[in-house]
Amino acid sequence: MKSCRILLAGCLSAWWLAAASAHANSITVTNTNDGGRGSLRQAIADANDGDTINARDVFGSIELSSGELPVNKNLTINGPGADKLSVENTHLGRVFEIASDKIVAISGLAINSGEAVLGGGIYNAGMLEITSCSISGNEAGGLRERGLGGGIYNASGAKVAITDSIVSGNWADEGGGIYNAGSMQIARTTISDNFIGGAFSQQTSLGGGICNSGTLDIVNSTITANTASGSLQSGGITNGSGNIVIQNSTINGNTAESPSGSGFGGNVFMAEGTLEIGNTILNAGSGGNIFSFGNQGTIISDGYNLSSDNGADYLSAAGDQVNTDPRVGPLQDNGGPTVTHALLADSPAIDAGNPNYNPNNFQPPLIYDQRGFGFDRVKKGRRDIGAFEVQEAPITPTRPTPPPTPT
Numbered sequence: 010m011k012s013c014r015i016l017l018a019g020c021l022s023a024w025w026l027a028a029a030s031a032h033a034n035s036i037t038v039t040n041t042n043d044g045g046r047g048s049l050r051q052a053i054a055d056a057n058d059g060d061t062i063n064a065r066d067v068f069g070s071i072e073l074s075s076g077e078l079p080v081n082k083n084l085t086i087n088g089p090g091a092d093k094l095s096v097e098n099t100h101l102g103r104v105f106e107i108a109s110d111k112i113v114a115i116s117g118l119a120i121n122s123g124e125a126v127l128g129g130g131i132y133n134a135g136m137l138e139i140t141s142c143s144i145s146g147n148e149a150g151g152l153r154e155r156g157l158g159g160g161i162y163n164a165s166g167a168k169v170a171i172t173d174s175i176v177s178g179n180w181a182d183e184g185g186g187i188y189n190a191g192s193m194q195i196a197r198t199t200i201s202d203n204f205i206g207g208a209f210s211q212q213t214s215l216g217g218g219i220c221n222s223g224t225l226d227i228v229n230s231t232i233t234a235n236t237a238s239g240s241l242q243s244g245g246i247t248n249g250s251g252n253i254v255i256q257n258s259t260i261n262g263n264t265a266e267s268p269s270g271s272g273f274g275g276n277v278f279m280a281e282g283t284l285e286i287g288n289t290i291l292n293a294g295s296g297g298n299i300f301s302f303g304n305q306g307t308i309i310s311d312g313y314n315l316s317s318d319n320g321a322d323y324l325s326a327a328g329d330q331v332n333t334d335p336r337v338g339p340l341q342d343n344g345g346p347t348v349t350h351a352l353l354a355d356s357p358a359i360d361a362g363n364p365n366y367n368p369n370n371f372q373p374p375l376i377y378d379q380r381g382f383g384f385d386r387v388k389k390g391r392r393d394i395g396a397f398e399v400q401e402a403p404i405t406p407t408r409p410t411p412p413p414t415p416t
C-alpha cells in the first residue's frame, strides 16, 4: 500500500501557528444577536490577526439578517458544539466567506440554511480547518446560475481540512455537500443525505455528496445516502479532473438517477483524473459502485477493498473482495462525534484489512477508527475494512442455573 498523503491538517496547524500573533487576544461572544456588542459579527469585525473568538458559552441560534459573515483575517472561532449553537442565514445568503490567503479555524458550530451560487454554507478561498461542526440545509444554485457546493465550496488554490464533522442535507447543481477545486482532507467525517438536481442538472449532475476537481484525501469517513436526481453521474463522489485518495472509509447506498432510470456510478463516478482506494467498503451504489466514463480515469486499488458488485473490474489487488455483501448496519450513533455504519457480527470486512497496517503511513497517524479516541483502529491484530472498527464484544454474564424445584 502506498503511504496515504493525509498531511493537510498538520500543514494547516503549522501555518496557523506561524501566522498567530504572540500577543493574540481572546474575544468573547455573549449573545445570539446579529450585530452590536457581544455578537459574533462584531467580534469578527473587532478581531486582529491571530485572535480567538470564544462563543463557547452561547447557546441557541444566530440568525444572520445582515448578510454573510466575511472573515478577512487569521482567526480561530470556537463554539460550544454543533448541537448547542447554530449560525444560520435563512437562505438570504451564505453563512461564512473565508478570504484568500487567510488562515481560519472553526469548531463547535452548526452552519445551516445558507444560500449562494458558490458555497451555500461556506465559501473558502484561504486555508480553513473545520472541526466538530455540522453543515446542513445549505443550498448552492438558482434559476439562472449553476450552483457549486451546497455545504462547502473550496476554491482553486485554497485548502480545507474537515475533521469529526457531519455534512448533510445540502443541495446544489454540482457537489451537493462539497465542491472541491483546491486541496481538501476529510477525516472522521460523515457526508450524508446531500442532493443534486435542478434546472441545470437534468442531463449532467456531478456528485451528490462530493464533486472534486482538485486534490482530495478521504480517510476514516462515511459517504452515504447522497442522491443525484435527473442526472447521469454519481450520487456519492464525482471526480472531474482531480486526484482522490480514499482509505479506510465506507461508501454506502448512494444513488444516481436519470429520467430513464438508474444513472452511472452511484457511489463513485470517474470522468477523468485518478482514484487511489484501499481498505474501503463500496456497497449498494445504484448504477454500480464504480463507473469510469469512457475508461478515461485512472483507478488504482491499494487492495483490501470490499465491493458489493464487481467493482467494474478495477478491484483485483491483494485482499480485494468483490460481489460480496459487506453486512453493514444502519447509519446511526455508534459512539463518537458522528454517525456511522457498524459492521454486523457476520461481516466479511472484520479483520480483513491490510495485515501490514502501519499507522505511521498516515499523517497524523491513523490510530483510531472514525469515532475517534476510545475506538482503536486495530483490534485482534488486524484492522477491519471500512470506517468502523469492531471493538471487543461485551461479555454477556451467564445466569446461574437455578436449583431444582423440590418435589
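Here the sequence shown is numbered in the numbering used here, starting from 10 and rising by one per residue. Ideal placement from N, C-alpha and C gives every residue a C-beta, glycine not left out.
Integer-rounded CB distance, given that residue j should sit under 8 Å from residue i
| i | j | result |
| --- | --- | --- |
| N365 | G328 | That belief does not hold up - the Cβ atoms of N365 and G328 are roughly 10 Å apart, past 8 Å. |
| S301 | S258 | Not confirmed; about 19 Å, so no contact. |
| I290 | I394 | 6 Å |
| D173 | T347 | 7 Å |
| R391 | D360 | 5 Å |
| V113 | V80 | 5 Å |
Cα-Cα separation between residue i and residue j, rounded to whole angstroms
| i | j | result |
| --- | --- | --- |
| I299 | I232 | 14 Å |
| N163 | S109 | 11 Å |
| I376 | Q400 | 13 Å |
| D342 | W180 | 24 Å |
| G191 | V277 | 19 Å |
| F382 | G344 | 10 Å |
| R50 | K111 | 17 Å |
| R336 | I260 | 13 Å |
| A33 | G59 | 5 Å |
| V104 | G129 | 7 Å |
| D355 | T349 | 17 Å |
| N304 | D322 | 12 Å |
| A134 | G47 | 27 Å |
| G422 | G185 | Residue 422 falls outside the range modelled here, since the chain spans only 10 to 416, and no answer is possible. |
| I107 | L94 | 20 Å |
| S165 | S177 | 23 Å |
| S210 | E266 | Confidence in S210 is poor, its pLDDT being 49 and thus under 50, which makes the residue's placement too unreliable to answer from. |
| V331 | A293 | 12 Å |
| N319 | Y132 | 38 Å |
| G158 | N189 | 8 Å |
| G245 | R197 | 17 Å |
| N263 | S295 | 7 Å |
| K82 | P374 | 30 Å |
| A326 | G206 | 35 Å |
| A358 | L284 | 21 Å |
| A351 | I86 | 32 Å |
| M193 | A167 | 8 Å |
| I195 | T39 | 31 Å |
| F397 | N367 | 17 Å |
| N57 | L78 | 16 Å |
| V254 | K389 | 26 Å |
| I308 | R153 | 35 Å |
Beta-carbon proximity check, residue i vs residue j, cutoff 9 Å
| i | j | result |
| --- | --- | --- |
| D43 | S75 | yes |
| G306 | A280 | yes |
| C142 | I187 | no |
| S243 | G274 | yes |
| A237 | L215 | yes |
| N203 | G223 | no |
| I286 | N314 | yes |
| I62 | T37 | yes |
| G117 | A64 | yes |
| T247 | Q379 | no |
| T333 | S317 | yes |
| L127 | V169 | no |
| D182 | G156 | yes |
| Q256 | F384 | no |
| I115 | G88 | yes |
| S201 | L84 | no |
| L324 | G338 | no |
In DSSP terms, what residue i is bridged to
| i | result |
| --- | --- |
| Y313 | According to DSSP, which records beta bridges pairwise, Y313 is partnered with nothing at all. |
| P79 | E106 |
| N292 | N261 |
| R391 | K388 |
| Y132 | E106, Y162 |
| Y188 | Y162, C220 |
| F417 | No statement about residue 417 is possible, as the shown extent of the chain runs from 10 to 416 and does not include it. |
| N121 | E97, S145 |
| S116 | N87, T140 |
| S70 | S95 |
Contact with chain B by residue i, beta-carbon distance below 9 Å
| i | result |
| --- | --- |
| G90 | No chain B is present in this structure, which holds just one protein chain. |
Is there contact between the segment 94-109 and the segment 61-77, where contact requires at least three CB pairs shorter than 8 Å? With three or more CB-CB distances shorter than 8 Å, the segment 94-109 counts as touching the segment 61-77.
Stretch-stretch touch, CB-based, cutoff 8 Å, three pairs: the segment 106-124 with the segment 142-158: The segment 106-124 makes contact with the segment 142-158, as at least three CB pairs between them are under 8 Å.
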